[in-house]
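Worksheet: one structure, shown below.
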Amino acid sequence: MGKSRYNYLLRHQRTEEARHILEGVAGAEGPQNAAVHRAQYLLQRQAKEQQERTTNEEEKQ
């Protein structure tokens, strides 16, 4: 993983995820750090989406 993955994500308008991956790639441990960083980002995004769904459901009631 690296610049090619970053460029792929940019082309597909996933700039936030691409930025997170690039930050991870730039880290001290290289690809391992990038994988950890991406996993953390995806978990945070999943939690945020779940919170938004819960909020939307509460507003409907």
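Positions 874 to 934 (our numbering) are the ones given, in order, by the sequence shown.
Built from N, CA and C at the ideal position, the CB exists for glycine as well.
For clarity, every value in this text was computed on a predicted model and none was experimentally measured.
Span separating the alpha-carbon of residue i from that of residue j
| i | j | result |
| --- | --- | --- |
| glutamine 919 | alanine 908 | 16 Å |
| glutamine 913 | glutamate 930 | 26 Å |
| glutamine 923 | histidine 910 | 20 Å |
| glutamine 934 | glutamate 925 | 15 Å |
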